[in-house]
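J.: Note that this note's numbering gives residue 308 to position 302 of the sequence shown, counting from 1, and the numbers run on in steps of one.
Backbone N, C-alpha and C fix where the C-beta goes; we use that ideal spot for every residue, glycine too.
These numbers were taken from a predicted model, which means no experiment stands behind them.
Before we start, here is the structure in question, set down as structure tokens.
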Amino acid sequence: MIFHPPDFWDGRKILFGVSGGVAAYKSASVVSALVRGGAEVRVVMTRHAMKLVGRATFEALSGKPVYSRVFGEGGEIHHITAVRESDCVFVAPATANLLGKMAAGIADDLLSTLILVDEKKVVLAPAMNTGMWESTAVQENLIRLRERGIRVIEPAEGWLACRETGKGRMPDLEPLLEELYCLLHSPRLLEGKKALVISGPTREWLDPVRFLSNPSSGIMGGSFAGVLRAHGADVRMISGPVAGRQPVGIQVTEVETATEMAQAAEKFFPWCEICIMAAAVSDYRPVTCSPKKMKRGKSEEMTVTLAANPDILALLGARKGGRVLVGFCAETEEEALLTEGKRKLKEKNADCMVSNLVGGHGEGFGMVPVRGVLLDRFGNHVPIQGTDKFSLAETVVSRVASLLQ
Ligand SMILES: Cc1cc2nc3c(=O)[nH]c(=O)nc-3n(C[C@H](O)[C@H](O)[C@H](O)COP(=O)(O)O)c2cc1C
């Protein structure tokens with residue numbers, strides 16, 4: 007699961023630089039994913055990169071010739087035009103050597119020459135051994151590059167090809183593409199704003215091995231978190247138990263029950279300026295949770311007494327202040343979408359409400375299109391006609407940005 011809109015790469019022109027790091031083999035899958043996403047990718051490799059991975063691999067994946075020299079190559083790429091025609095110059099992996107050359111403004115091969123043409127288009131994904139990464143030389147070069155506005159994706163921590171563990175790995179495909187999406191996203195309507203996303207299902211335990219819950223996957227909340235971050239917001243998440251990973255760059259507080267979710271929401275709500283309440287909270291919980299596994303009895307029926315859980319959206323609405331609060335309301339009947347959306351918007355003191363259809367054959371849960379109505383506190387309501395969750399998040403986030411002004 008990648009937390010960015012499925013059509014984000016469609017039609018983008020990416021000049022993809024590969025320098026001589028061992029992570030060059032991973033770049034092949036990045037190029038492949040970008041091409042699959044509809045991007046037009048042209049690959050430029052350094053001489054050392056070609057010692058690690060053959061140019062034929064990148065030619066096959068990009069469907070275009072791979073360039074490596076400034077002079078003397080049949081059909082050479084014109085370095086100025088190539089950059090001017092691209093939306094982005096993405097270098098992955100970027101070696102310590104390349105960072106050093108860039109910091110000093112050295113242009114002694116095709117890739118380092120291209121990079122100098124328009125540094126505003128450059129995004130680097132450095133990857134190297136931890137010792138190299140932590141070296142004063144590399145860190146000083148990074149400071150200089152960042153001061154010049156060059157965007158850098160931090161390497162990940164973990165197992166390195168040199169059989170050591172530490173910081174320096176090129177991030178894996180999905181987090182790398184999410185980081186690139188965030189850096190390239192435009193507009194950035196929420197630069198510096200603080201956003202809290204509450205996401206996922208809750209679990210209400212009956213005994214140590216059974217609970218009441220629902221099929222919420224956390225994808226709606228994750229999509230919001232990804233889109234808010236791409237708009238420049240500082241995002242924090244509170245999440246119930248979900249199977250997949252969360253989007254990159256987000257601090258996540260994991261909770262299980264509605265009571266824990268309410269406590270975390272009360273803790274972090276004062277911090278935020280925007281709150282998206284996309285969690286599927288159990289309205290009720292068993293009054294008691296058996297300490298031992300409940301045994302099957304002789305009776306054909308069993309009664310469980312339930313107690314109401316906190317209404318988290320109402321709690322937050324009551325102390326909203328100047329924040330923008332977005333709620334969700336899940337309905338199983340199409341006719342109820344508008345009336346229930348309006349009622350909940352008012353009763354919970356929210357600014358926007360996504361009233362959406364759930365049920366049937368998994369409708370509303372997981373990576374499925376959303377159908378429903380988007381309402382706001384000014385009485386506007388627009389239909390949501392089977393849109394993907396990222397597009398819905400984009401629409402809602404634009405509305406939130408206008409409400410903040
Ligand atoms: C097997 C192998 C793996 C390497 N991996 C890295 C690496 O991950 N990061 C790095 O900065 N340098 C790495 N190097 C060293 C670079 O290849 C070397 O500094 C080279 O001069 C980089 O040239 P370039 O930046 O023009 O591609 C590696 C070298 C070898 C032989």
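May I have the straight-line CA-CA distance separating D289 from A313, to the nearest angstrom?
T.: Residue mapping note: residue 289 aligns to position 283 of the sequence shown, counting from 1. Residue mapping note: residue 313 aligns to position 307 of the sequence shown, counting from 1. Computed Cα separation, rounded: 9 Å.
J.: When you compare only the Cα positions, how much space is there between L189 and R157?
T.: Residue 189 sits at position 183 when you count from the first residue of the sequence shown. Residue 157 sits at position 151 when you count from the first residue of the sequence shown. In a straight line, the C-alpha of L189 is about 8 Å away from that of R157.
J.: Along the alpha helix (DSSP H) that carries E140, what are the first and last residues, could you check?
T.: Your numbering for residue 140 matches position 134 in the sequence shown. 136 to 140 is the extent of the alpha helix (DSSP H) around E140.
J.: Keeping to the same chain, check which residues put their C-beta closer than 8 Å to that of Y31; ignore five residues upstream and five downstream.
T.: One-based indexing of the sequence shown puts residue 31 at position 25. So the list reads L58, V59, once near-sequence residues are dropped.
J.: Would you kindly report the start and end of the unbroken alpha helix (DSSP H) that includes G347?
T.: Along the sequence shown, read from residue 1 onward, the residue named residue 347 stands at position 341. 342 to 353 is the extent of the alpha helix (DSSP H) around G347.
J.: Using three-state DSSP, classify V36 as helix, strand or coil.
T.: One-based indexing of the sequence shown puts residue 36 at position 30. V36: helix per DSSP, three-state reduction.
J.: May I ask you to list the residues that DSSP assigns as paired with A286?
T.: Sequence index remark: in the sequence shown, residue 286 carries index 280 (1-based). P207, per the DSSP bridge assignment.
J.: Looking at the secondary structure, which residues open and close the alpha helix (DSSP H) in which E185 lies?
T.: Numbered from 1 along the sequence shown, position 179 holds the residue referred to as residue 185. Looking at the DSSP string, the run of the alpha helix (DSSP H) that includes E185 is 179 to 190.
J.: Taking the alpha carbon of F384 as the point to measure from, which residue in L186, G228, V406, R53 has its own alpha carbon closest?
T.: Along the sequence shown, one-based indexing puts residue 384 at 378. The option with the nearest alpha carbon to F384 is V406.
J.: Relative to the alpha-carbon of Q411, which residue among K107, G328, V28, V203 has its alpha-carbon at the smallest distance?
T.: Here residue 411 is taken as the residue at index 405 of the sequence shown, counted from 1. Per the Cα distances, G328.
J.: What is the DSSP secondary structure of G378, reduced to helix, strand or coil?
T.: Taking the first residue of the sequence shown as position 1, residue 378 is located at position 372. Of the three classes helix, strand and coil, the one that applies to G378 here is strand, per DSSP.
J.: Give me the residue from R150, E146, E185 with the minimum Cα distance to P161.
T.: On the sequence shown, position 155 is the one that residue 161 refers to. Checked all of R150, E146, E185; the closest Cα to P161 is E185.
J.: Among the residues of its own chain, which have a CB less than 7 Å from the CB of P375, if the five just before and after it don't count?
T.: What you label residue 375 is simply residue 369 of the sequence shown in a count that begins at 1. G392, T393, D394, listed in sequence order.
J.: The alpha helix (DSSP H) that contains S404, what's its start and end?
T.: For the purposes of this step, residue 404 is identified with residue 398 of the sequence shown, where counting begins at 1. Start and end: 395 to 410.
J.: Going by beta carbon distance, what residues of the same chain come within less than 6 Å of V215, once the five residues before and after it are set aside?
T.: For the purposes of this step, residue 215 is taken as residue 209 along the sequence shown, with counting starting at 1. These residues qualify, in order along the chain: K299.
J.: Shortest alpha-carbon distance to E210 belongs to which of K199, E266, L182, T119?
T.: Mapped onto the sequence shown, residue 210 falls at position 204. Cα-wise, what sits closest to E210 is E266.
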